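In my numbering, the protein residues as written are 1028 to 2013.
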Amino acid sequence: MKIHKVRLAGFGPYPGTETVDFDAFADDGLFVITGKTGAGKTTILDAVTFALFGDVPRYGNVTDDSVRSKYLVDSVDETRVDVEFSQGELRYRVSRIPSYTKPGNKNPRAQWAEIAEITDDGERVIESRQVRKVAERIDEIVGLNAAQFKQVILLAQGEFQRFLVADSQTRRELLRKLFDTGRFLDYSNDLDSQARKLRIELEHTVTTITAHLHSLGDEMNQELPEGMDGSQPTTVLQWAEELSAAQRAEMTEAIGLTAKAKKELEGAHAALSHAKATSDNQLRRDRAVARQQTLAAREPEIAQAVQKLEAAQRAHLVQPVMENTGEATAALAESKLAHAAAVQRFRRLLPGLDADLAVARFQVNRLVGEVAKLGQAAEREAGLAALIQADEAARAAVERSRVVHAAHTTELGKLKDSEPVLVSRIGAAVEAADDFAAADKLAGTLQTQLAAAQAAESIGAQWEQSLAEELSARKIADQAQADVTALKQRQYEEYAGKLAQSLDDGVPCQVCGSVSHPAPAALAVGHVTEDEVAAAEITADAAQQQVRQAAELVVVLKTRLESERAIAQGRSVTDLVAQLDTATARVAAARAAGLRVEELTAERAGLADRIAAEVDEADRAKDAMARAETQAAVTLAALESEIEQIAEARGEFETVADRLARMESELSACEKLVDASADLAYATELAGRAQDKLATVLVEQEFGSPEEAEAAFVPRALREEMQCQVAEHERDAALVHQTLADAAIKELPGDPIDLIGPQELLQRAEDAHTLAVRHETELSKTLGSIERLAGQIRSALEAAGGMQTEYDLVQRLAETIKGQGPNTKRMSLETFALAADLEEIVRAANVLLGRMSNGRYELRYSDEVTKGMGQSGLAVEVNDAYNEELRSPQSLSGGEKFQASLALALGLAEVVTSRNGGARLDTLFIDEGFGTLDEETLSEVLDTIDDLREGGRTVGLISHVGHVKERIPNHLGVQVTAGGWSTLVH
């Protein structure tokens, strides 16, 4: 990774825009950033970290105004950092804006970030706005997090020395951030949680076993042996088995007693069943004898019923023929009556005609045609009213169409008359709206002048205050300079005493040359020292610096004041506010006129549309009027033709319907006479046939007359009832005979059988069996509970044994991973993993440290157990080759400590880089620390840093040490202005 350029605006002590092009130092590969303490040298590196990761260690939280330049408090200028860097063959730009509050806003603006790829064709934005997504893409490209970046590229002031002198715990925390070994803590916590869970489960299982033991004792009504609980598996199992065996023996005895009682109960049931069967057969026999006597008494009645049923069966065959003959006779009489009525009606409606069949048929044929014609005429007559209504409707439609046409013609004239008025209004509005550009330009000018006048008032007050501050600073500077002059005057007056202090016998005096000094001048009490003079001069210089800064501020404010007054053209704020209000009103009026132009133009377009629509409506109304007049003429002609035809069809009748009704009555009379004649002939023929068939059937069924057959007839329901009585009598007789013929009935004793004795025997057997079964059930239930509890106890003991083994294993492993218990090295798993990383870091660091210390010092990794209960495994010692002893890093001098720290930091950077894909680091920054080195050691360190440039790497140092600035020709200066802010000097 190589950093090419950083551009920062409004960041830290830099209110303006500053750009650093690191590629300008690429040829030499080494440069130094110089400037006073606090000037903002490190801020350049802070800007790089902020752009890439949104993180500045020195400022902490950067989601507020902390990184925004304090010199932009009242400014709307933007705070932003842009960094260009390359990774491999690709070049990128990352930009970031922090969250800060602009003047006049209550809510701070949101953070913003963007990353883009830079190509020959320009830039391609990869991700923008969403800070989280930008951070994800930067992480993918850079391959380092913020902590790793600051450790391998930005060697921050004091950070790498802290890594050298830290104890194991502090070093572990730093390495954990760099190598992401927090997962080992997760492993340890998971094992602790698993061990804790196993211990709780084990304790719960032991409690469960003890509870089962108490339940088992309660089932057997026995107390739990003293001292017994779930933690004694052998004793518990033995006691449970003894209880189960005793209960099983008692259960076996109960089963035998139950079987004996059951056998006795079965014998009692068999004896009672035999007695009941005998009693039931005796009852059957007695009932059959009684029924036999009843049936014998009804024999004469049943014989008479059989004879009556035989005659009724013959009469049943004659009955349909008799009914048919009666119906035919009745139908003949009815036909005669209908024929007479038809003849009478025919003669009434058609007088003068013979009422015979041939005449009636002729009239039917004639009247059918005439009725059909009159029916059609009657329908037309009924529709005549509709034709009249249609004629009236057609006339009304003509009138309506004329009214509509007149209305549209009138409305069209009104619309055309209003158009000139609307055109005139549009012209007036356009003329008023043309003033908008001039009014708006005037308002903008006045706004600029008003802002300048207001700024001039504010700057004027600041300028007057700066004049007073400059005067005060000059007074202070004059007094400080007077103090220096007074001190030097006193020092001059006391100079003889000071020279006397350096006189030695035999050494010539610097004033008179004498080697004898009999009366040297005495040094005055409270004499002026060189330190006092130097301090006074420093104070005077500082006061003069304040004067210069105050004077610069006066000039800056005066320049800004004159500029603002020139923009305001000497006008007052009050006058400009009044003029701006007037101009604003002109702008508003012109803007309103412009809106009226748009509204009136739209209204004119709408008027044109309405005129066009009204022309269309008038044309359609005219066409509709012509169609209505044509339809009215057609309707009137049809009505006159229909009236003429209907008058002809009426004849001498009032209406066609009256004439049709008369002819329909005549037709009906003729049709009735024809039908009645045919019905009379048919009925006469049927009546003769029926009489002949009845005579034949009476002879066949042996009846002398219809009356005799009628007397023998029995209704069907009564006949079926008689048949049922006869069949039931025959069935009962057969059943009685069958019952009395049964061998079991014949062999029955005459006296009734005794049932009380067998019933009492059965009751005693049932009671004994119930008691035996109940006792066996209770014992079985108790035995089931005992065996269930014993099984639960065995299962729980097996589970507890497995849990105990697993718990011991997990607990031992958890303690070992934490560096406790059996872990004699007191090294946690994380420390063990980091120890390998630390060994690799020490090896890389020793290559550099050997060159810087000329082979004197070598770092050693140590896993010795520390005193106390603290964890070990990440100690670093220093081997001093001069006296062959191991030393603590804290025992090194300041310069030695810096060498070791820098070597260790560079070794750490190399290892972190290799762990993140082995990416090459083409840019490296080292911040301060050189002031602790003597000149010889500093040269050796700078020689080593020179070697870091191999392969095209660019190394930047931050230092105010003179020898560093002399050794490195490429400088980037940070200069503090009179206003207190900083600028860059290339």
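Think of the CB as a built atom: it goes at the ideal place given N, C-alpha and C, for glycine as much as any other residue. Just so we're clear, the structure is a prediction, and the values are computed from it rather than from any experiment.
| Check | Outcome |
| --- | --- |
| C-alpha distance - Gln1847 paired with Asn1906, whole-angstrom precision | 30 Å |
| Residues near Ala1683 in its chain [Cβ-Cβ closer than 7 Å; skip 5 each side] | It is Val, not Ala, that sits at residue 1683 in the sequence shown. Leu1401, Ala1404, Ala1405, Glu1408, Ile1673, Ala1676 and Arg1677, listed in sequence order. |
| Whole-number beta carbon distance between Val2001 and Gly1062, since they are thought to touch under 8 Å | 3 Å |
| Inter-stretch contact at 8 Å, needing at least 3 Cβ pairs: the stretch 1040-1050 / the stretch 1116-1125 | no |
| Three-state class that DSSP yields for Arg1118 in the structure shown | strand |
| Tyr1834 - DSSP class collapsed to helix/strand/coil | helix |
| For His1796 and Glu1803, the rounded distance between their alpha carbons | 11 Å |
| Option nearest Ala1799 by Cα separation, candidates Glu1228, Ala1281 and Arg1156 | Ala1281 |
| First through last residue of the alpha helix (DSSP H) which encompasses Arg1159 | Val1158 to Val1169 |
| For Pro1125 and Glu1163, the rounded distance between their alpha carbons | 18 Å |
| Any 3 or more C-beta pairs closer than 8 Å across the stretch 1815-1824 and the stretch 1208-1226 | no |
| Under 8 Å between C-beta atoms of Arg1341 and Ala1739 | yes |
| Ile1820 burial status per 10 Å Cβ neighbour count (16 or more: buried) | buried |
| Coil, strand or helix - Ser1855 by DSSP | coil |
| Nonlocal neighbours in the same chain, by C-beta distance under 7 Å from Arg2045, ignoring five residues either side | Because the chain here runs from 1028 to 2013, residue 2045 falls outside it and cannot be looked at. |
| Helix, strand or coil at Val1555 according to DSSP, with G and I counted as helix | coil |
| Helix, strand or coil at Ser1155 [DSSP, three-state] | strand |
| Neighbourhood of Thr2004 by C-beta, 7 Å cutoff - its chain only, sequence neighbours within 5 removed | Thr2010 |
| Start-end ranges of the beta strand (DSSP E) lying completely within the stretch 1028-1097, minimum 3 residues | 1029-1038, 1041-1048 and 1057-1062 |
| Buried versus exposed, by CB contacts within 10 Å (16 or more), Cys1751 | exposed |
| Where the beta strand (DSSP E) through Ser1889 begins and ends | Tyr1884 to Ser1889 |
| Continuous alpha helix (DSSP H) stretch holding Asp1646: start and end | Val1600 to Arg1677 |
| Under 8 Å between C-beta atoms of Leu1931 and Phe1206 | no |
| Rounded C-alpha distance that separates Ser1215 from Ala1841 | 6 Å |
| Short Cβ contact (8 Å threshold) for Lys1097 with Thr1950 | no |
| Every unbroken alpha helix (DSSP H) inside the stretch 1401-1435 [4 residues or more] | none |
| Member of Gln1476, Leu1380 and Thr1832 whose CA lies at the smallest distance from the CA of Asp1602 | Gln1476 |
| First through last residue of the beta strand (DSSP E) which encompasses Ala1140 | Trp1139 to Thr1146 |
| Closest by C-alpha distance to Cys1856, when choosing among Pro1849, Thr1843 and Asp1794 | The identity of residue 1856 in the sequence shown is Leu, whereas the question assumes Cys. If we check each option's Cα against that of Leu1856, Thr1843 comes out closest. |
| Residues bridged to Leu1181 (per DSSP) | Phe1952 |
| Asp1109, DSSP secondary structure in three states | strand |
| Straight-line Cα distance separating Thr1197 from Arg1980 | 31 Å |
| Close-in-space but distant-in-sequence residues of the same chain around Asp1048 (CB under 8 Å, 5 per side omitted) | His1031 and Lys1032 |
| As assigned by DSSP and simplified to three states, the class of Thr1981 | strand |
| Buried/exposed call for Gly1065, threshold 16 Cβ in 10 Å | exposed |
| Where Arg1870 sits in the DSSP three-state scheme | helix |
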